[in-house]
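Sequences listed follow chains W and D, in order. Count along the first sequence starting at 1, add 251, and that's the number in this note's numbering. Reminder that position 52 of the second sequence reads as 40 in this note's numbering, one-by-one numbering, no gaps.
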Amino acid sequence: MSVLAELKHVSKSYGQIKALDDVTLKIRKGEIFTVIGPNGSGKTTLLKILACIEDPDSGEVHINGERIEDRNRDRAKLNTTLVFQKTTMFSMPVYNNITYGLKLRNIPEKQVGERIKKVLKMVELEGYENRLAKKLSGGEQQRVSLARALALDTSILLLDEPTANLDPKSASIIEEVIRQINRQKSTTILMATHNIFQVEQTAEKAALLMNGKIVEIGAVDKMLEKSKSLSKFARLENIFSGTSEIFEEGTSRVKLDGGIAIETAFQRSGRITVFIRPEDIILSKNRFESSARNVIMGKVVEISDQGSLVRLKVDAGREFISQITKRSFVEMSLNIGSRVFLTFKASSVCLI
Amino acid sequence: MKKADFIPIFVVASFLAVFLVLVFFVEEFTEGFGEAIRLIASGDPEILGITFKSIYISGTATVLSILWCVPVGVALGLSDFVGKRFIKGLFNALLGIPTVALGLILYLMFSSSGPLGSLNLFLNPIGVSIGQAILITPITISFIASAVEAVNPDVKDLAKTLGASEIEASFVVLKESTSGVVLAVVAGFNRAIAELGVVLMIGQNLRGRTRVLTTTIALETTRGNVALSIALALILLSIVLSISLLTNLIQRRLK
């Protein structure tokens, strides 16, 4: 299979933050490639560079064997498109949202109508042409985004966590469409995700991105078998990147991207990625005195029932997942919006 | 945004309420109010003339200001350069410029002995329009820049990834901010039609030429002709109120 897109030693910084650090990557024609990594690891930047809407600070981007420079960027852009994680819609009906890109490509009027019908059918939104895009539900909007990208018939389709925070129906429709277009039209797909099941089910190749660097790259099944960090990452939650500083008495203090700091029981300095097991986080309604070094206040933003256990997503500057038993959940009478304290020991913070 | 839509209506409506309270509790006002209603109902040509002059002068001022405010406001809202905050701050500070001070500066410029005296703008409705256009420039630019900045920044990236060039993407942002731009222009018009300083200094309240609602209200009140003042003030309030209402309707359509 020939190479469709290639990054050679690409680096990109935003102010002090190094989003991508010497990334080299080859994407072959017709494959589904996933980029896995925690929030803030540089996935979105990588996609934006491949979409030709962001310039790298250094390194080269090649698409279809051509090096992307200022002179050919606008033309190259027509051959690649990105579906953002955060859905953005023009304040227009669905129809006009989709025609925007088609008009820029001078597609004849007759074909436009046909294409729109076809892509809306694929994402199961037939007859939505005249609905105002911004009035649709989150899942429907994300499906319109995908339809809008599909209509352009580009040779590369870039997807930034296409199913994150979506209802299960929309998520499964989107996953199915991704597989379908790859099979039928052999569209090359690059997808960023942190959902390992999605990787297992859809992708052939994957790269693990951490702190802007590719840590591992290869075939998905082999990586899941062999790679310690990928499989570890895959099963983990509460993964955070940040800058660590050695503290007194054998501990470190990690400033997470997003403003909060946590204490850890290891000694390490510099950029690191850590995780905390959801079952290690004690949830309480009031602050209590204990030996645990980390107490963070937050607000419950999501509750999911898992049989005898309940998982709560708590926004405390960063989103933490805490897992408690259903009995505790009922006794504490928690709701979305409840103010809670997260308490965990410094030794519960593990290094990846 | 939805709540903010009602603020102009709320403000004007409360003015009207205060007005009505005055009508009921202040004797002079009660008499004047009756007379005012009669004057308006009779379609007095003098009152009509003054009203149309007001709308004409401030309308021209608004159209003039659009010529430079839209490009500058959009450029300011879209771009990101060193000193942008300073320029925005400057326009924000100029929002509160005393109209009399600006009127005085323009008087010195436009009067026959001033540097621009040869242009014949003094005592000229066009001169007043130019003065008002300058007066409303900061408010219009500030509002337009904010409206453009308020458009989700991802819209530009979205347009680009769908194939737009930098300029085409900027047009999309402008299109998305239309309702905010309309609001800015309306705010400019409302400020222009309600101001007194510039029109008094440059226009000097010449009957049939530069006499507008605000100058007449000021003059007639000092002359003790309260009824006429009330009639004109009611007209001024209704103009501002109906424009605010109309803008609200348009904005809801645009959304």
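Ideal placement from N, C-alpha and C gives every residue a C-beta, glycine not left out.
Would you call the CB atoms of W:VAL274 and W:ILE511 closer than 8 Å? Against a cut-off of 8 Å, the Cβ pair of W:ILE511 and W:VAL274 comes out as no contact.
Compare the C-beta of D:GLY196 against all C-beta atoms of chain W and say whether one is closer than 8 Å. Residue-level contact check: D:GLY196 does not touch chain W, since none of the beta carbons of chain W fall below 8 Å from its beta carbon.
Please go through the segment 308 to 387 of chain W and give each complete beta strand (DSSP E) segment of 3 or more residues, from N-terminal end onward. Listed in chain order, the beta strand (DSSP E) elements of length 3 or more contained wholly in the segment 308 to 387 of chain W are 309 to 314, 331 to 334.
Helix, strand or coil at W:LYS564 according to DSSP, with G and I counted as helix: It is a strand residue.
Got a sec? Which residues, its chain only, sit under 7 Å from W:SER573 by beta carbon, not counting five neighbours each side? PRO529, ILE532, LEU534, LEU563, VAL565, LEU593.
Which residues in the same chain as D:ILE205 place their Cβ atom closer than 6 Å to its Cβ, once the five residues preceding and following it in sequence are excluded? The beta carbon of D:ILE205 lies closer than 6 Å to those of SER217, LEU220, ALA221 in the same chain, with the five residues before and after it left out.
Looking only at its chain, what residues have a beta carbon closer than 7 Å to the beta carbon of W:LEU602, apart from the 5 residues adjacent to it on each side? Cβ within range, chain order: PHE517, ARG519, ILE523, VAL525.
With DSSP run on the structure shown, which of helix, strand or coil describes D:ALA157? Secondary structure at D:ALA157: helix, using DSSP grouped into helix, strand and coil.
Return helix, strand or coil for D:MET(-11), following the three-state DSSP convention. Because the pLDDT at D:MET(-11) is just 45, under 50, the model does not fix this residue reliably, and the point stays unresolved.
Simplified DSSP state of W:LYS536, which is helix, strand or coil: Looking at W:LYS536 - three-state DSSP - the assignment turns out to be coil, as it is neither helix nor strand.
Between which two residues does the beta strand (DSSP E) containing W:LEU602 stretch? Per DSSP, the unbroken beta strand (DSSP E) holding W:LEU602 starts and ends at 600 to 602.
Contact between the segment 186 to 196 of chain D and the segment 140 to 159 of chain D (3+ Cβ pairs under 8 Å): Put simply, the segment 186 to 196 of chain D does not touch the segment 140 to 159 of chain D. Fewer than three CB pairs are less than 8 Å apart.
Near D:ALA24, which residues of its chain fall below 7 Å by C-beta distance, leaving aside the five closest residues on each side in sequence? If we look at D:ALA24 and ignore the five residues flanking it on each side, its Cβ neighbours are ALA215, ILE218, ALA219, LEU222.
Identify which residue in W:LEU333, W:ALA470, W:ILE314 has its Cα closest to the Cα of W:ALA327. Closest option to W:ALA327, Cα to Cα, is W:ILE314.
Mind listing which residues of the segment 330 to 349 of chain W have their C-beta closer than 7 Å to chain D's C-betas, in chain order? Going along the segment 330 to 349 of chain W in chain order, one finds THR332, LEU333, PHE335, LYS337, THR339, PHE341, SER342 with a Cβ nearer than 7 Å to chain D.
Contact list for D:LEU66 against chain W, beta-carbon separation under 7 Å: Chain W residues near D:LEU66: none, gap ~16 Å exceeds 7 Å.
Considering Cα atoms alone, identify which of D:LEU229, D:LEU201, D:SER230 is closest to D:PHE40. Here the closest residue by C-alpha is D:LEU201.
DSSP on D:PHE69, reduced to helix/strand/coil? Three-state DSSP puts D:PHE69 in coil, outside helix and strand.
Any idea what DSSP makes of D:ALA221, helix, strand or coil? Note: D:ALA221 maps to helix in three-state DSSP.
Beta-carbon proximity list for D:VAL139, same chain, < 6 Å, skipping 5 on both sides: For D:VAL139, the CB contacts under 6 Å within the same chain, skipping 5 residues up- and downstream, are VAL161, GLU164, SER165 in chain order.
Inter-residue spacing [alpha-carbon to alpha-carbon] between W:ASP508 and W:ILE490: Those two C-alpha atoms are separated by around 11 Å.
Helix or strand or just coil, what does DSSP make of W:THR405? Of the three classes helix, strand and coil, the one that applies to W:THR405 here is coil, per DSSP.
For W:GLU257 and W:GLN267, I'd like the C-alpha separation in whole angstroms. In a straight line, the C-alpha of W:GLU257 is about 26 Å away from that of W:GLN267.
Any C-beta of chain D sitting closer than 8 Å to the C-beta of W:TYR351? With 8 Å as the cut-off, W:TYR351 counts as an interface residue toward chain D.
W:ALA567 versus W:LEU441 - alpha carbon distance: C-alpha separation (whole angstroms): 31 Å.
The segment 101 to 116 of chain D touching the segment 60 to 73 of chain D, judged by at least three CB pairs closer than 8 Å: Contact between the segment 101 to 116 of chain D and the segment 60 to 73 of chain D is absent, because fewer than three Cβ pairs lie under 8 Å.
W:SER309 to D:PRO103 span [Cα, whole Å]: Their Cα atoms are separated by approximately 55 Å.
Test: W:ASP404 CB closer than 8 Å to a CB of chain D: Chain D, which has no Cβ nearer than 8 Å to the Cβ of W:ASP404, makes this no.
When you compare only the Cα positions, how much space is there between D:ASN213 and D:VAL11? When rounded, the separation of the alpha-carbon atoms in D:ASN213 and D:VAL11 is 16 Å.
Could you list which residues in chain W have their beta carbon closer than 9 Å to that of D:SER134, in chain order? Going along chain W, no residue has its Cβ under 9 Å from D:SER134, so there is no contact; the nearest lies around 17 Å.
Contacts of W:ALA302 in chain C (Cβ-Cβ under 7 Å): The structure shown contains no chain C; its protein chains are W and D.
Cβ of W:PHE498 within 8 Å of Cβ of W:ASN545? Not in contact: W:PHE498 and W:ASN545 (Cβ atoms no closer than 8 Å).
Closest by C-alpha distance to W:LYS368, when choosing among W:GLU514, W:ARG356, W:THR350: W:THR350 is the residue among W:GLU514, W:ARG356, W:THR350 whose C-alpha sits nearest the C-alpha of W:LYS368.
With DSSP as the reference, please indicate the residues paired to W:TYR265 in a beta bridge. In the DSSP output, where bridge partners are listed per residue, W:TYR265 has W:ILE268.
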